[in-house]
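Engineer: After the structure tokens below, expect a handful of questions from me.
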Amino acid sequence: MFGKKNPVMLKAAIFATDEKLTFLDMQIFEDNIINLLDIAEQYIFKNIHWANEIIGMECTEIPEIPVAVIREALANSFAHSIYNGSTYHEICIYPSKVTIYSPGTYASSHKPEEYINKNLQSSIRNEKIAKMLFLSKSIEQFGSGFKRINSLCKDAKIKFSYEIDEAGFTFIIHRKKAGEISSNKINVTVNVPENVTLNKMEKLVYQLLSSNPQYTREELAEKTSKTVRTIQRTLNSLRDKEYITRIGSDKTGRWEILK
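Rendered as structure tokens:
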């Protein structure tokens, strides 16, 4: 599973409709888990919609499904599978959804909703695989997958669901319609009244920048389980409220705390 011997199988397909009938593309990959994670991620990102957005002073491509959602779902799929000679992972891309199938019975006695709403310990089926994925930063921490995915999906205004049967676990990410994915400019300056207060998100980002002014948008998004789009809005608000200012360029500069 980690080397060239006993490779893991991944099936990936794109379907013309939401029925699993007519496929536009179908491929089978056999490799170790680390390489398959990258293959699966690239296959999904190559075949979903992207939008151009002006974030700060840069034009950035934003996928319809947050990168962190795809990575977390894929990593958890490989971490909690049952591995034997006849099993395979599966990715299906439909017009209205992306599904990630993990072979083997569901690994926990707790429902996914319980992991979202409570702070529960993870049920680890494959300890070595989970540790390897954690050390490679493919998963942020044990037991946080559903909670993190839920936060990111809420932030991006997309829905997810799941199906559990005797054969395996299917994670379903519901796609937006093409017309709902549009380019936006996120660089708004507003007049802020005196004695302004910070909301919960602004306080969190402010605290993170106070501890490390070098944090990038992407790093802040990772630490807060939010999208880059939301982080940029928050940074704009903090700057407009005169709590922070940017020193230097977007790529090489840093944030300065003013209050």
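With positions in the sequence shown counted from 1, the corresponding number in the numbering used here is that position plus 8. Heads up, the beta-carbon is just placed ideally off N, CA and C, and yes, glycines get one too.
1. Hey, out of I180, R237, L246, E264, whose CA is closest to N220's CA?
2. Do A164 and R237 count as a contact pair if the criterion is CB distance below 9 Å?
3. Find the nearest neighbour of I172 within the set S85, Y51, V16, R79, judged by alpha-carbon distance.
4. DSSP three-state label for T242, please.
5. To the nearest angstrom, how far is it from the Cα of Y91 to the Cα of A59?
6. Among residues of its own chain, excluding the 5 on either side of N199, which ones have a beta-carbon nearer than 6 Å to its beta-carbon?
7. For F31, count the other beta carbons within 10 Å of its own beta carbon; 16 or more makes it buried, fewer makes it exposed. Which is it?
8. State the Cα-Cα distance for the pair D46 and P120, rounded to the nearest angstrom.
9. Do you know whose CA, among T178, Y123, I255, lies nearest I113's CA?
10. Quick one: what's got a C-beta closer than 7 Å to N158's C-beta in the same chain, skipping five residues either side?
11. Can you tell me whether DSSP reads A20 as helix, strand or coil?
12. How long is the line joining the alpha carbons of D258 and I41, rounded to whole angstroms?
13. Name the two residues that bound the continuous alpha helix (DSSP H) containing T30.
14. Between D33 and K54, what straight-line distance do the alpha-carbon atoms span, to the nearest angstrom?
15. Hey, quick one: how far does the alpha helix (DSSP H) through T232 stretch, first residue to last?
16. Tell me the rounded alpha-carbon separation between S104 and G256.
17. Look up I265 in the DSSP assignment and say whether it is helix, strand or coil.
Structural biologist: By the coordinates alone:
1. Here residue 220 refers to the residue found at position 212 when the sequence shown is read from its first residue. Nearest of I180, R237, L246, E264 to N220, Cα basis: E264.
2. The residue you call residue 237 lines up with position 229 of the sequence shown. The residue you call residue 164 lines up with position 156 of the sequence shown. Their beta carbons are under 9 Å apart, which means R237 touches A164 by this criterion.
3. The residue labelled residue 172 in the question sits at position 164 within the sequence shown. The shortest Cα separation from I172 among S85, Y51, V16, R79 belongs to S85.
4. Working through the sequence shown from its first residue, we reach residue 242 at position 234. In this structure, T242 counts as helix in the three-state DSSP scheme.
5. By one-based count along the sequence shown, residue 91 stands at place 83. By one-based count along the sequence shown, residue 59 stands at place 51. Distance between the alpha carbons of Y91 and A59: 37 Å.
6. As a first step, residue 199 must be located in the sequence shown, where it is residue number 191. Annotation note: pLDDT 42 at N199 (below 50); position unreliable, coordinate value reported separately. Once the five neighbours on either side are set aside, N199 has no close Cβ partner at all.
7. Against the sequence shown, residue 31 aligns to sequence position 23. So F31 ends up on the exposed side.
8. For the purposes of this step, residue 46 is taken as residue 38 along the sequence shown, with counting starting at 1. For the purposes of this step, residue 120 is taken as residue 112 along the sequence shown, with counting starting at 1. Looking at the two C-alpha atoms, the distance is approximately 25 Å.
9. Position 105 of the sequence shown, counted from the first residue, corresponds to residue 113. As written in the sequence, residue 113 is Thr, which differs from the Ile given in the question. Closest by alpha carbon: T178.
10. Numbered from its first residue, the sequence shown carries residue 158 at position 150. Answer for N158: I124, listed in chain order.
11. Within the sequence shown, numbered from 1, the residue matching residue 20 stands at position 12. Correct three-state label for A20: strand.
12. As a first step, residue 258 is located in the sequence shown; it is residue number 250 there, counting from the start. As a first step, residue 41 is located in the sequence shown; it is residue number 33 there, counting from the start. Roughly 35 Å between the two C-alpha positions.
13. Numbered from its first residue, the sequence shown carries residue 30 at position 22. Where T30 is concerned, there is no enclosing alpha helix (DSSP H), given that its DSSP letter is neither H nor E.
14. Start at 1 with the first residue of the sequence shown, and residue 33 comes out as number 25. Start at 1 with the first residue of the sequence shown, and residue 54 comes out as number 46. Their backbone Cα atoms lie some 12 Å apart in a straight line.
15. For the purposes of this step, residue 232 is taken as residue 224 along the sequence shown, with counting starting at 1. Where T232 is concerned, the enclosing alpha helix (DSSP H) stretches over 225-232.
16. For the purposes of this step, residue 104 is identified with residue 96 of the sequence shown, where counting begins at 1. For the purposes of this step, residue 256 is identified with residue 248 of the sequence shown, where counting begins at 1. When rounded, the distance between both Cα atoms is 42 Å.
17. As a first step, residue 265 is located in the sequence shown; it is residue number 257 there, counting from the start. Residue state, collapsed to three classes: strand.
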